[in-house]
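K.L.:
First residue of the sequence shown: 0, per numbering that gives the first Met the number 0; consecutive thereafter. Beta carbons are placed, not taken as given, at the ideal position from N, Cα and C, and that holds for glycine. Below you will find the structure I want to go over with you.
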Amino acid sequence: MKRSASVETISDIQARIAHASQSELEALRILYASDSRKGVKHAFDVRKRQILREQEEQARLRALYDFDIRAGAHSCVLGMDEVGRGPLAGPMYVGGVVLNLNAPPIAELNDSKQIAPDKRERIAACIQQQALAFHIESVDAHDIDTYGMAYCLRSAFSSVIAYFDAHHVPVECILLDGVPLHLDKRERAVVKGDTKSASIAAASIIAKVARDNYMVEQHKLYPVYGFDAHKGYGSQQHINAIKTHGICPLHRVSFCKNFLS
């Protein structure tokens, strides 16, 4: 025998509401229209806000993918981004990703700086599983000191592009975050691209995760600097460690001169 809505507990109703789709929620609202209990009303309000946030997130993700589709005119798009241009220590990483733009968007894809570290790891794994192709290049501190950042940046981006060409990935559009580098006729620079382009955002994430993991490993070799915490950036903890202990092979000497006696 079917149980009537009037004998259901608030917990029962809340459980049904918590997992309802938008259409199911409207049906439940009609079903429990006469239920005046505050817990029921609150459950409807909470789920309605959740659905709105979910819709907004889906729209944001769809916009990232649509940007790339428009930019590439439905062709194969390579998104690229760098991570670690400004730290006092550690390499710079450049990532490149070719996404399947016709696949469902990767959940929570965003500018790497907007994502919590634990989520970045998970999203990076999804990118690497779902991407049509991806590649990461790194430039160590010695090369940055020797050749300068501008040269190293261009060299690393060129190497990533060369990887995709060498592996016969039919890239027809290259999206770069920031200013033009004029490396390739397929290139298009996108200001704040990691917030506009799905491919650039994906590139920023895999590069960020790879670099962070590298710096955590290097912390085991040079624990006095705290690389596991600041990843080589110029935190006060890091600057104090340089002043106390000097520099290690991971440091960019040209970046640390102001902190050395």
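The beta strand (DSSP E) that contains CYS172, what's its start and end?
P.N.:
Element bounds for CYS172: 172–176.
K.L.:
Is the beta carbon of ALA149 sitting closer than 8 Å to the one on ARG251?
P.N.:
No. Outside cutoff.
K.L.:
Can you check which of these residues, LYS40, SER158 and ARG69, is closest to GLN13 by C-alpha distance?
P.N.:
Measuring from the Cα of GLN13, the nearest candidate turns out to be LYS40.
K.L.:
Looking only at C-alpha atoms, which of ASP176, ASP183 and CYS151 sits nearest to ILE204?
P.N.:
Closest option to ILE204, Cα to Cα, is ASP176.
K.L.:
Tell me whether the region 200–217 and the region 122–132 touch, counting them as touching only if at least three CB pairs, one residue from each stretch, are closer than 8 Å.
P.N.:
Yes, they touch.
K.L.:
Beta-carbon separation of ALA200 and LEU27 under 8 Å?
P.N.:
No, the Cβ-Cβ distance between ALA200 and LEU27 is not below 8 Å.
K.L.:
Using the Cα positions of ILE9 and ARG84, report the straight-line distance between them to the nearest angstrom.
P.N.:
Distance between the alpha carbons of ILE9 and ARG84: 54 Å.
K.L.:
Rounding to the nearest angstrom, what Cα-Cα distance links TYR232 and VAL159 in this structure?
P.N.:
Between TYR232 and VAL159, the C-alpha separation is close to 24 Å.
K.L.:
Apart from the five residues just before and just after PRO86, which ones in its own chain have a Cβ nearer than 6 Å to its Cβ?
P.N.:
Contacts found: GLY231 and TYR232.
K.L.:
Measuring alpha carbon to alpha carbon, tell me which of GLN129, GLU81, HIS244 and ILE50 ends up nearest ASN99.
P.N.:
For the residues GLN129, GLU81, HIS244 and ILE50, the minimum Cα distance to ASN99 belongs to GLN129.
K.L.:
With DSSP as the reference, identify every bridge partner of TYR92, one or two as the case may be.
P.N.:
Answer by DSSP bridge pairing, in chain order: VAL82 and SER137.
K.L.:
Leaving out five residues on either side along the sequence, give the residues of the same chain with a beta carbon under 7 Å from the beta carbon of MET0.
P.N.:
Since pLDDT at MET0 reaches only 36, below the 50 mark, its modelled position is unreliable, and no value is offered.
K.L.:
What does a CB cutoff of less than 6 Å around CYS247 pick up in its chain, not counting 5 residues either side in sequence?
P.N.:
Counting only Cβ-Cβ distances below 6 Å, and skipping sequence neighbours, we find TYR221.
K.L.:
Excluding five sequence neighbours on each side, which residues of the same chain lie with their C-beta closer than 6 Å to the C-beta of ALA42?
P.N.:
Excluding sequence neighbours, ALA42 sits near GLN13 and ILE16.
K.L.:
Would you identify the three-state DSSP class for VAL189, choosing helix, strand or coil?
P.N.:
DSSP places VAL189 in strand when its eight states are reduced to three.
K.L.:
Going by alpha carbons, who is nearest to GLU56 out of GLY38, VAL45, PRO104 and GLN21?
P.N.:
Closest by alpha carbon: PRO104.
K.L.:
Excluding sequence positions up to five away, which residues of its chain have a Cβ less than 8 Å from the Cβ of GLN217?
P.N.:
For GLN217, where only same-chain residues beyond five positions count, the Cβ hits under 8 Å are GLY89, PHE226 and LEU249.
K.L.:
Using the Cα positions of LEU182 and ALA228, report the straight-line distance between them to the nearest angstrom.
P.N.:
So the alpha carbons of these two residues sit roughly 35 Å apart.
K.L.:
Helix, strand or coil for ARG182? Go by DSSP, reduced to three states.
P.N.:
The amino acid occupying residue 182 in the given sequence is Leu; Arg does not appear at that position. DSSP places LEU182 in coil when its eight states are reduced to three.
K.L.:
With a threshold of 16 other CB atoms inside 10 Å of the CB of VAL76, please say whether the residue is buried or exposed.
P.N.:
Its Cβ being crowded by 16 or more others within 10 Å, VAL76 is buried.
K.L.:
Quick one: complete alpha helix (DSSP H) runs, 4+ long, within the region 28–89?
P.N.:
For the region 28–89, whole alpha helix (DSSP H) runs of length 4 or above, ordered along the chain, are 37–71.
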